[in-house]
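Visitor: Numbering of the sequence shown is given in full-length UniProt numbering, commencing with residue 1 and proceeding in unit increments.
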Amino acid sequence: MIEIKDKKDCCGCTACACSCPKKCIVMESDEEGFIYPVIDLNRCVHCNICEQVCPQDKKNIRDNTIPETVVARDKREKILSIGTSGSIFTAIIECTLAEHGVVYGVIVDKDNIVRHIRVDSKQDDRLSKIPCSKYVKSEIRGIYPQVKSDLQSGKKVCFSGTPCQVAGLKSFLKKEYSNLICVDVICRGNPSPLFWKRFAEYLKKKYNSKIADVRFRNKTYGYHSGTMKVSFENGKIYYGSARTNYYLRAFFADLCSRPSCYKCQFKHIQHISDLTLYDSWHAAELADLQDDDKGYTNIIIQSSKGKKLLDKLKTIEKYPVDTLKAVELDGVMVEKSVNWNKEREDFFNNIEDEDIKRHCSRFMNVSLKDHIIENAKRIYYYKKFKEST
Numbered sequence: 001m002i003e004i005k006d007k008k009d010c011c012g013c014t015a016c017a018c019s020c021p022k023k024c025i026v027m028e029s030d031e032e033g034f035i036y037p038v039i040d041l042n043r044c045v046h047c048n049i050c051e052q053v054c055p056q057d058k059k060n061i062r063d064n065t066i067p068e069t070v071v072a073r074d075k076r077e078k079i080l081s082i083g084t085s086g087s088i089f090t091a092i093i094e095c096t097l098a099e100h101g102v103v104y105g106v107i108v109d110k111d112n113i114v115r116h117i118r119v120d121s122k123q124d125d126r127l128s129k130i131p132c133s134k135y136v137k138s139e140i141r142g143i144y145p146q147v148k149s150d151l152q153s154g155k156k157v158c159f160s161g162t163p164c165q166v167a168g169l170k171s172f173l174k175k176e177y178s179n180l181i182c183v184d185v186i187c188r189g190n191p192s193p194l195f196w197k198r199f200a201e202y203l204k205k206k207y208n209s210k211i212a213d214v215r216f217r218n219k220t221y222g223y224h225s226g227t228m229k230v231s232f233e234n235g236k237i238y239y240g241s242a243r244t245n246y247y248l249r250a251f252f253a254d255l256c257s258r259p260s261c262y263k264c265q266f267k268h269i270q271h272i273s274d275l276t277l278y279d280s281w282h283a284a285e286l287a288d289l290q291d292d293d294k295g296y297t298n299i300i301i302q303s304s305k306g307k308k309l310l311d312k313l314k315t316i317e318k319y320p321v322d323t324l325k326a327v328e329l330d331g332v333m334v335e336k337s338v339n340w341n342k343e344r345e346d347f348f349n350n351i352e353d354e355d356i357k358r359h360c361s362r363f364m365n366v367s368l369k370d371h372i373i374e375n376a377k378r379i380y381y382y383k384k385f386k387e388s389t
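1) Which residue from Asp254, Thr323, His224 puts its Cα closest to that of Gln270?
2) Less than 8 Å separating the beta-carbons of Lys305 and Asp274?
3) Thinking C-alpha only, which one of Lys129, His116, Lys155 is nearest Gly142?
4) Is Ser257 helix, strand or coil by DSSP?
5) Is DSSP giving Cys378 helix, strand or coil here?
6) Cβ atoms of Phe251 and Cys132: under 8 Å apart, would you say?
7) Starting from Ile211, trace the beta strand (DSSP E) both ways and give me its first and last residue.
8) Compute the distance between the beta-carbons of Arg76 and Ile107, then report whether it is under 8 Å.
9) Confirm, please, whether the CB-CB distance from Ser280 to Asp330 is below 8 Å.
10) What's the gap between the Cα of Asn234 and the Cα of Lys206?
11) Would you report the Cα separation of Glu343 and Phe363, rounded to the nearest angstrom?
12) Under DSSP, the beta strand (DSSP E) around Lys205 begins and ends at which residues?
13) May I ask you to list the residues that DSSP assigns as paired with Lys318?
14) Starting from the N-terminal side, write out each stretch of the beta strand (DSSP E) that is 3 residues or longer and does not extend beyond the segment 305 to 355.
15) Please report the residue range of the alpha helix (DSSP H) in which Arg249 lies.
16) Tell me which residue opens and which closes the alpha helix (DSSP H) that Asn166 is part of.
17) Measure the beta-carbon distance from Val334 to Lys267 and round it to whole angstroms, keeping in mind my assumption that it falls under 8 Å.
18) Using only CA atoms, which one of Gly154, Tyr104, Asp6 lies nearest to Ser138?
19) Lys229 by DSSP, collapsed to three states: which one?
20) Excluding the 5 residues preceding and the 5 following Thr244 in the sequence, name in chain order all residues of the same chain whose CB lies nearer than 7 Å to its CB.
21) Work out the CA separation of Gln165 and Arg258 for me, nearest whole Å.
22) From Ile140 to Tyr221, what does the alpha carbon distance come to, in whole angstroms?
23) What does the alpha-carbon distance come out to for the pair Ser128 and Phe89?
24) Can at least three beta-carbon pairs, one atom from the segment 148 to 155 and one from the segment 38 to 47, be found at a separation below 8 Å?
25) What alpha helix (DSSP H) runs, 4 residues minimum, are completely inside the segment 39 to 73?
26) Using a threshold of 8 Å, state whether the C-beta atoms of Ile49 and Ser19 are closer than that.
27) For the candidate residues Asp9, Glu68, Arg73, whose alpha-carbon lies nearest to that of Ala284?
28) Pick from Phe172, Tyr223, Pro320, Glu201: whose alpha carbon is nearest that of Gly295?
29) Beta carbon of Ile211, beta carbon of Tyr278: below 8 Å?
30) Could you tell me the boundaries of the beta strand (DSSP E) in which Glu28 lies?
31) What number of angstroms, rounded off, separates the C-alpha of Lys58 from the C-alpha of Thr162?
32) Which value, in whole angstroms, describes the spacing of the CA atoms of Lys219 and Ser225?
33) Alpha carbons only, please: which of Ile379, Ile181, Ala17, Glu3 is nearest the one belonging to Thr276?
34) Work out the CA separation of Pro67 and Trp196 for me, nearest whole Å.
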């Protein structure tokens, strides 16, 4: 029977709950908003399947060889402008659906919940929301059985998520499927859904409107200046960079991520996914390219399936680069976990009760200088845009 003695030992993948033959494990949120398994001891038969499928202590690498890496991005200007980094995942979605497959990815839904969804049609209006970064631990409960059902029916499936979510899925499935492609995205950590909920509520109140769309890393001011863009139903738009946005400030200060993220078991170059994606901040240096501030992605090719998929993506331009050099320049989060912030425990105290802006300001100071710099940046990019039109 699985037992969580230290919350750093659970990544919240849900493999245990999805595998329980007696359905006596439920994933419940704790006071920080993260889900953990809770077992009904009266129904548990001690089969230990939950322990067997937990990916935390498993070997989550294919082998010790260094895989190939390419720097890549979509050739289509519109796709590149609205996606994160090199906007690679849009082409992957298109390719999968063109082959009558199914895509599992993450969106921000109409209730502002960051969740995994299943898409099997090009007409699904949620498709455009999948390729963008989401700095929140996604709601994934119930997804793994859906993936398994699609695989067993013979459908081609593309599953995207964080390395721990991919490892959880693979462990849950217990076997390799030739019709499964897994794409994992390197992350700094998985921020609290509760913190995001509180921040979204603050924005809705401030702008007196429901949220229509969220982009956690929009290219409003270029790729190298990632900006949160929140569009409201009343037509208003909020922009905030990590300089002035309390949510982003907390994330990059490592105040709000899941405990397991601070000693992540999935930090290595070799993954059991087929493709691993992460930011290519130094594409110009790695591949002798011009840095036009539009964004590139580093792609680690983890398997022959991943390579075949990449070769099919005709809208993607690719440049082979040295894997270790790319990790050295851009991939600190490929191999290392973030450090535990000593103020993290205090940060989560009263997070549900106190005004979220006031709460955050006790840990992060957004100064007048920060606001002046942010406004100057907006004016600069507005003038630059006007000159180019």
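Glycine residues also receive a C-beta, built at the ideal position from the N, C-alpha and C atoms.
Guide: Checking against the coordinates, here is how it stands:
1) Taking the first residue of the sequence shown as position 1, residue 270 is located at position 270. Of the listed residues, the one whose Cα sits closest to Gln270 is Thr323.
2) Residue 305 sits at position 305 when you count from the first residue of the sequence shown. Residue 274 sits at position 274 when you count from the first residue of the sequence shown. For Lys305 and Asp274, yes; Cβs fall inside 8 Å.
3) In the sequence shown, counting from the first residue as 1, residue 142 sits at position 142. Among Lys129, His116, Lys155, the Cα nearest to that of Gly142 is on His116.
4) In the sequence shown, residue 257 corresponds to position 257, counting from 1. Reduced to three states, the DSSP call for Ser257 is strand.
5) Counting from 1 along the sequence shown, the entry for residue 378 is found at position 378. According to the sequence displayed, residue 378 carries Arg and not Cys. Helix at Arg378.
6) As a first step, residue 132 must be located in the sequence shown, where it is residue number 132. As a first step, residue 251 must be located in the sequence shown, where it is residue number 251. Contact: no.
7) To locate residue 211, count along the sequence shown from 1; it is residue 211. Note, Ile211: beta strand (DSSP E), 211 to 218.
8) If you number the sequence shown from 1, residue 76 lands on position 76. If you number the sequence shown from 1, residue 107 lands on position 107. The answer is no: Cβ separation not under 8 Å.
9) Translated into the one-based positions of the sequence shown, residue 330 becomes position 330. Translated into the one-based positions of the sequence shown, residue 280 becomes position 280. Yes; because the gap between Cβ atoms is below 8 Å, this pair is in contact.
10) Counting from 1 along the sequence shown, the entry for residue 234 is found at position 234. Counting from 1 along the sequence shown, the entry for residue 206 is found at position 206. One C-alpha to the other measures close to 12 Å.
11) For this step, residue 343 is matched to residue 343 along the sequence shown. For this step, residue 363 is matched to residue 363 along the sequence shown. Those two C-alpha atoms are separated by around 8 Å.
12) The count along the sequence shown starts at 1 and reaches residue 205 at position 205. Unbroken run through Lys205 is the alpha helix (DSSP H), 193 to 207; no beta strand (DSSP E).
13) Stepping through the sequence shown from its first residue, residue 318 is reached at position 318. Ala72.
14) 316 to 321
15) Here residue 249 is taken as the residue at index 249 of the sequence shown, counted from 1. First-last of the alpha helix (DSSP H) with Arg249: 246 to 252.
16) Position 166 of the sequence shown, counted from the start, is the residue given in the question as residue 166. The question names Asn, but residue 166 is Val in the sequence shown. 163 to 173 is the extent of the alpha helix (DSSP H) around Val166.
17) Reading the sequence shown from its first residue, position 334 is the one you call residue 334. Reading the sequence shown from its first residue, position 267 is the one you call residue 267. Val334 to Lys267, Cβ: 7 Å. Contact.
18) By 1-based counting over the sequence shown, the position of residue 138 is 138. Ser138 has its Cα closest to that of Tyr104, out of Gly154, Tyr104, Asp6.
19) The residue you call residue 229 lines up with position 229 of the sequence shown. Lys229: strand per DSSP, three-state reduction.
20) Here the question's residue 244 lines up with position 244 in the sequence shown. Around Thr244: Val366, Asp370, His371, Glu374.
21) On the sequence shown, position 258 is the one that residue 258 refers to. On the sequence shown, position 165 is the one that residue 165 refers to. The alpha-carbon atoms of Arg258 and Gln165 are separated by roughly 13 Å.
22) Working through the sequence shown from its first residue, we reach residue 140 at position 140. Working through the sequence shown from its first residue, we reach residue 221 at position 221. Their backbone Cα atoms lie some 32 Å apart in a straight line.
23) Looking up residue 128 in the sequence shown gives position 128. Looking up residue 89 in the sequence shown gives position 89. Distance between the alpha carbons of Ser128 and Phe89 is about 10 Å.
24) no
25) 49 to 53
26) Within the sequence shown, numbered from 1, the residue matching residue 49 stands at position 49. Within the sequence shown, numbered from 1, the residue matching residue 19 stands at position 19. Yes, the Cβ-Cβ distance between Ile49 and Ser19 is below 8 Å.
27) As a first step, residue 284 must be located in the sequence shown, where it is residue number 284. Considering only alpha carbons, the answer is Arg73.
28) Residue mapping note: residue 295 aligns to position 295 of the sequence shown, counting from 1. Here the closest residue by C-alpha is Tyr223.
29) Position 211 of the sequence shown, counted from the start, is the residue given in the question as residue 211. Position 278 of the sequence shown, counted from the start, is the residue given in the question as residue 278. In this structure, Tyr278 does not lie closer than 8 Å to Ile211 by Cβ.
30) Within the sequence shown, numbered from 1, the residue matching residue 28 stands at position 28. Counting along the chain, the beta strand (DSSP E) containing Glu28 begins and ends at 25 to 29.
31) Position 58 of the sequence shown, counted from the start, is the residue given in the question as residue 58. Position 162 of the sequence shown, counted from the start, is the residue given in the question as residue 162. Their Cα atoms are separated by approximately 16 Å.
32) Position 219 of the sequence shown, counted from the start, is the residue given in the question as residue 219. Position 225 of the sequence shown, counted from the start, is the residue given in the question as residue 225. If you take the alpha carbons of Lys219 and Ser225, they lie about 7 Å apart.
33) Position 276 of the sequence shown, counted from the first residue, corresponds to residue 276. Among Ile379, Ile181, Ala17, Glu3, the Cα nearest to that of Thr276 is on Ile181.
34) The residue you call residue 196 lines up with position 196 of the sequence shown. The residue you call residue 67 lines up with position 67 of the sequence shown. Approximately 35 Å between the Cα atoms of the pair.
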